[in-house]
Structures are given as structure tokens and as C-alpha cells.
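Quick notes on the structure that follows.
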Amino acid sequence: MLQVLANINVLYSYVLKKPGNHDVLSNGLAEAMVTLCGAASSYLIGKVECDWARYGDMFTAFCSIVMGVLIMSCYFYDKLIFIYLAYILFGLICQMHFVII
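Residue 15 is where the sequence shown starts when you use this note's numbering, and the numbers rise one by one after that.
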């Protein structure tokens with residue numbers, strides 16, 4: 015998570031420098047949404063009544079696959095809005111996953 019947080023701004027800059035791109039940086043909004051959505055998802059997953067000792071590994075595997083797909087898909091997007099959405103979903107799943115592990 016920390017590596018993604020540190021390097022996502024490089025991807026934003028790379029996409030902005032592409033010819034014909036007229037997107038506007040909204041890094042602050044994206045970071046705020048990651049924090050708020052992550053807090054909500056962490057609270058909600060904490061309320062789920064489940065045998066995490068039994069299903070925790072499957073949940074970890076599923077979350078890891080989804081987070082990997084989200085981050086890898088950012089490379090192929092040409093619009094910042096899609097990168098922001100993937101980043102917000104990544105942060106949401108990551109923070110939710112931290113509650114379980």
C-alpha cells in the first residue's frame with residue numbers, strides 16, 4: 015500500500031504529459047475519497063459476522079487478486095478519472111483487508 019501511495023503521483027504526471035490530454039489533477043480529492051471510503055469499508059467489514067479463521071485466507075487471496083488487477087489496469091488508462099477510480103477502489107479494498115488480517 016505504501017509503495018502505491020508513493021508512486022501513484024508519478025503515474026498521474028505521466029498521463030498528464032501525454033499529448034492531447036486536458037485532464038485536471040484532483041489528487042487531494044482522490045486521497046480524501048480513499049480515506050473516507052476506506053474508513054467506511056473498514057467499519058462495515060468489522061461488523062460482518064463471519065468465521066474469519068476459516069474464510070480469512072480466501073478473503074486475502076481474493077482481495078490480493080483484485081488489488082493487483084486494479085493497479086495493473088492503471089497502466090492502460092489514458093484518462094485520470096479512471097486511474098483515480100481504480101486507486102480509490104484499491105485503497106478501499108486494502109484498508110478493508112487490513113481489518114481482517
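C-beta atoms are modelled at their ideal positions from N, C-alpha and C, and glycine is treated no differently.
Pair within 8 angstroms by beta-carbon distance, residue i and residue j
{"i": "residue 80", "j": "residue 97", "result": "no"}
{"i": "residue 18", "j": "residue 85", "result": "yes"}
{"i": "residue 56", "j": "residue 109", "result": "yes"}
{"i": "residue 111", "j": "residue 77", "result": "yes"}
Rounded separation between residue i and residue j - CA only
{"i": "residue 51", "j": "residue 32", "result": "30 angstroms"}
{"i": "residue 74", "j": "residue 115", "result": "8 angstroms"}
{"i": "residue 113", "j": "residue 63", "result": "13 angstroms"}
{"i": "residue 65", "j": "residue 72", "result": "12 angstroms"}
{"i": "residue 24", "j": "residue 88", "result": "12 angstroms"}
{"i": "residue 60", "j": "residue 34", "result": "44 angstroms"}
{"i": "residue 30", "j": "residue 54", "result": "30 angstroms"}
{"i": "residue 92", "j": "residue 49", "result": "24 angstroms"}
{"i": "residue 90", "j": "residue 83", "result": "11 angstroms"}
{"i": "residue 68", "j": "residue 39", "result": "43 angstroms"}
{"i": "residue 58", "j": "residue 22", "result": "27 angstroms"}
Quiz item: Should the segment 40–49 be called in touch with the segment 98–105, which here means at least 3 C-beta pairs below 8 angstroms?
Solution: yes
Practice problem: At 4 residues or longer, and completely inside the segment 40–82: list those alpha helix (DSSP H) runs for me, N to C. | Solution: 41–61
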